[in-house]
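Enquirer: Heads up: the sequence shown begins at 1 in the UniProt record's numbering, then just goes up one per residue. Ideal Cβ placement from N, Cα and C applies to all residues, glycine included. Can you keep this structure in mind? I'll have questions shortly.
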Amino acid sequence: MTFNVAYPDYDFTSIDPHAFEPVKYGLQVVETINENILNPATSIDDTIKNDTWNAIDSAISLRTCSIFSYLNDPDNPIFSLGKLWSCNYFFFNKKLRRV
1 MTFNVAYPDY DFTSIDPHAF EPVKYGLQVV ETINENILNP ATSIDDTIKN
51 DTWNAIDSAI SLRTCSIFSY LNDPDNPIFS LGKLWSCNYF FFNKKLRRV
């Protein structure tokens with residue numbers, strides 16, 4: 001329901017709520033995103049990693065949010081083998097009412 005309200009142009013009604021797993025260690029998420037997305041980009045712009053995390057923190061306050069990992073359907077062609085990487089994390093701040 002939250003995603004349908006936050007993103008009205010998309011339909012999330014067919015997604016099982018159990019497909020979202022809470023992440024216990026936020027540092028693990030940061031390391032995964034850094035390794036797969038941000039570290040390669042630092043060869044072009046060495047400030048991109050800090051700028052990205054500062055922007056995310058400014059928008060959602062990382063210290064006070066919950067992080068969820070989306071466990072995708074392996075039969076969905078969007079998530080099929082052959083992709084270089086895929087990160088499916090959602091940062092949720094209940095107090096700020098933001099995803």
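Relative to the C-alpha of residue 21, which residue among 67, 97, 38, 33 is closest?
Expert: Of the listed residues, the one whose Cα sits closest to residue 21 is 67.
Enquirer: Check residue 97 in the structure and name its three-state DSSP category.
Expert: Coil.
Enquirer: Answer yes or no: do residue 60 and residue 12 have a C-beta to C-beta separation smaller than 9 angstroms?
Expert: For residue 60 and residue 12, no; Cβs fall outside 9 angstroms.
Enquirer: Could you compute how far the alpha carbon of residue 41 sits from the alpha carbon of residue 5?
Expert: Each residue's alpha carbon lies about 32 angstroms from the other.
Enquirer: Going by DSSP, what residues sit across from residue 67 in a beta bridge?
Expert: DSSP output for residue 67 lists 91 as bridge partner(s).
Enquirer: Assuming residue 12 is part of the beta strand (DSSP E), what are its boundary residues?
Expert: Careful: residue 12 lies outside any beta strand (DSSP E) and carries neither H nor E.
Enquirer: How far does the beta strand (DSSP E) with residue 21 in it reach, from first residue to last?
Expert: Residue 21 -> beta strand (DSSP E) spans 20 to 22.
Enquirer: Can you give me the Cβ contacts of residue 29 inside the same chain, cut-off strictly under 6 angstroms, excluding the 5 residues immediately before and after it?
Expert: 23, 67, 89.
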